[in-house]
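Numbering (our numbering), first residue to last: 24 to 215.
Virtual Cβ for every residue (Gly too), placed ideally from N, Cα, C.
In this text the structure is predicted, and so the values were computed from the model without any measurement.
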Amino acid sequence: GQLGAMHDAEGLAAGVEALQAERAAGKVNFQFMVNGAGARRLGGLSGAKGVELAATLPSVEWRREASRQQIGLVALTPGGMHVCLPSKVHAMMAAGLAIIAICPEQSDLALLVRGTGAGWVVDNTGKTAMETGRAFAAVVRELIAHPDRVHAARQSARRAAETTYGHEEISRQWSEFVATACVVGIKQHDQG
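Here it is in structure tokens:
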């Protein structure tokens, strides 16, 4: 997806660079389908062993490609936590991808990932790109050693996408909100 100014491309790139030995050994591969300002930072990794860079894909093709992957990466800057929640995380969960989120511990993104059991959070609050990258690499190494954790997170991600964030639950919540908003609006009108 878009890797713009609110996404921590520096920390993500540093993490991929820190995993050079694992990439060289074929233990981990990264496939980035990105555009935006942050994509230029990842461009420096183009041609490196275990790294593939491509432009974003149309939705149908993205879903097909996502179904072949195991983990989705989402990176949010500390400043970005106040203005956005990367929407791609929901698409990744719907595709059954576990999530590694590079983001502030107190962000909505971190709460979403941890709250659903969909993956792992690498806190980038007050950290340099290199520190964030090392923490990201440590998570990836742990997952290489324990692939069963990836499987469990994938199941949790998909389950949350189907239930908590599924059409039926969202529809139910909107109906409840609209009914409540209408009642409040009528009471306010009657009092005015």
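- In this structure, DSSP gives residue 28 a state outside helix and strand, which the three-state scheme calls coil.
- Here the alpha carbons of residue 138 and residue 40 stand approximately 29 Å from one another.
- Around the beta carbon of residue 105, fewer than 16 other beta carbons sit within 10 angstroms, so the residue counts as exposed.
- Contact annotation: residue 68 and residue 93 have beta-carbon atoms that are not nearer than 8 Å.
- Nearest to residue 36 by alpha-carbon distance, out of 47, 71 and 178, is 71.
- Counting other Cβ atoms within 10 Å of its Cβ, residue 74 reaches 16 or more and is therefore classed as buried.
- With a threshold of 16 other beta carbon atoms within 10 Å, residue 127 meets it and is buried.
- Taking each of 159, 173 and 141 in turn and checking the Cα distance to residue 34, the smallest one comes out for 159.
- Straight across, the Cα-Cα distance linking residue 27 with residue 77 is about 15 Å.
- Sixteen is the threshold: when 16 or more other Cβ atoms of the shown chains lie within 10 Å of the Cβ of residue 147, as they do, the residue is buried.
- Residue 75 is bridged by DSSP to 54.
- In summary, residue 62 is buried, with 16 or more beta-carbon neighbours lying within 10 Å of its beta-carbon over all protein chains present.
- Check the Cα spacing between residue 49 and each of 180, 55, 80 and 164: the tightest is with 164.
- Residue 89 counts as buried, since at least 16 other C-beta atoms from the protein chains shown sit within 10 angstroms of its C-beta.
- Comparing alpha-carbon positions, the option among 156, 151, 115 and 80 lying closest to residue 179 turns out to be 115.
- Between residue 80 and the set 174, 175 and 25, the nearest pair of CA atoms involves 25.
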